[in-house]
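Have a look at the structure below before the remarks.
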Amino acid sequence: MEKRIVFLASGRGSNFQVIMEKIKEKQIKANPISLITDNPDAFCLETAKKFNLSSRILSYKNYPKLEFNEKLEELIDKDKPDLIVAAGFMKILPNSIVSKYRYKIINIHPSLLPSFPGLHAQQQAHSYGVKFSGCTTHFVDEGVDTGPIIMQEIVPIVPNMTEEDLTKAILVKEHQIFPKTIQYFCEDKIVVSGRKCNIKI
Ligand code: GRF
330 MEKRIVFLAS GRGSNFQVIM EKIKEKQIKA NPISLITDNP DAFCLETAKK FNLSSRILSY
390 KNYPKLEFNE KLEELIDKDK PDLIVAAGFM KILPNSIVSK YRYKIINIHP SLLPSFPGLH
450 AQQQAHSYGV KFSGCTTHFV DEGVDTGPII MQEIVPIVPN MTEEDLTKAI LVKEHQIFPK
510 TIQYFCEDKI VVSGRKCNIK I
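Heads up: the sequence shown begins at 330 in my numbering, then just goes up one per residue.
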């Protein structure tokens, strides 16, 4: 049975788009169900339309935090996902969702975790002066960007590279490892043991 995927995104949605393309091309065998966004102006809504994927807007501004989280959980539950893909979703998922969907929520982060979790990861890495950064896909746990790591890709930070250059270079790698990660998940190839994820290839 193809896995039912619910996407969460807050903005541009370039990762969402790349994954949807791979699903359309059948490189990823999955059943995309919906996109949920907290941002009524998010470009990812246009992309959902393009792919005829149903989308739901849960505007963060309209609810107190607790109620937002409850509504989000209701929306997700309704779609009965086998996998939730956080593709640039800018809200921290509440523990109730995380524990209900343990090892079923995958996020991408634009640094080599555990370095530089949280916001503005590219800026953090660039200003720290590290020589390598990159991106990480991981299962979501109760912390911020702390869950078991699935895949990583490296981007060297060369002299004179600006933060913008770094961000662009990382995004190229994101578009490679995120769909791969989703593909492996959909093929039941990711084995989790404690903090460690092994991919059976
Ligand atoms: C990406 O840099 C991703 O790593 C981070 O949010 C950004 C989303 O970009 N979590 P996009 O919306 O997929 O273009």
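For every residue, glycine included, the Cβ atom is placed at its ideal position computed from N, Cα and C.
Closer than 7 Å: residue i CB and nearest ligand 1 heavy atom
| i | result |
| --- | --- |
| Asn-344 | yes |
| Val-434 | Checking the displayed sequence, the identity of residue 434 turns out to be Ile instead of Val. Ile-434 Cβ: outside cutoff for every heavy atom of ligand 1. |
| Glu-482 | no |
| Pro-439 | yes |
| Gly-417 | yes |
| Ala-454 | no |
| Gly-463 | no |
| Ala-377 | no |
| Arg-431 | no |
| Arg-524 | no |
| Leu-500 | yes |
| Glu-503 | yes |
| Gly-340 | yes |
Proximity of residue i and residue j at Cβ, strictly below 8 Å
| i | j | result |
| --- | --- | --- |
| Ser-339 | Thr-376 | no |
| Pro-361 | Ile-386 | no |
| Leu-495 | His-455 | yes |
| Val-521 | Pro-477 | yes |
| Phe-380 | Lys-355 | no |
| Pro-446 | Thr-491 | no |
| Asn-344 | Glu-503 | yes |
| Ile-426 | Glu-402 | yes |
| Ile-413 | Tyr-392 | no |
| Ile-511 | Ile-357 | yes |
| Asn-424 | Glu-471 | yes |
| Leu-374 | Ser-383 | no |
| Tyr-457 | Lys-420 | no |
Reference residue i; option with closest CA among the options
| i | options | result |
| --- | --- | --- |
| Ala-533 | Arg-341, Asn-489 and Thr-475 | Residue 533 cannot be examined here, being either before or after the span of the chain that is shown, 330 to 530. |
| Lys-409 | Val-459, Gln-512 and Ser-363 | Ser-363 |
| Ile-530 | Val-427, Glu-516 and Gly-523 | Glu-516 |
| Met-480 | Tyr-513, Leu-382 and Gly-523 | Tyr-513 |
| Ile-519 | Glu-331, Lys-400 and Tyr-432 | Tyr-432 |
| Phe-336 | Glu-399, Lys-358 and Ile-405 | Ile-405 |
| Ser-428 | Glu-331, Leu-448, Leu-442 and Val-469 | Val-469 |
| Ala-359 | Asp-411, Ser-444 and Arg-524 | Asp-411 |
| Glu-482 | Ala-498, Met-330, Cys-373 and Leu-395 | Ala-498 |
| Phe-418 | Ala-371, Pro-488, Asn-489 and Ser-444 | Ala-371 |
| Val-473 | Pro-443, Pro-488, Phe-461 and Leu-395 | Pro-443 |
Would the segment 465-477 and the segment 430-439 be scored as touching if the rule is three or more Cβ pairs under 8 Å? yes
Touching or not, the segment 344-363 and the segment 497-512, by the rule of three or more beta carbon pairs under 8 Å? yes
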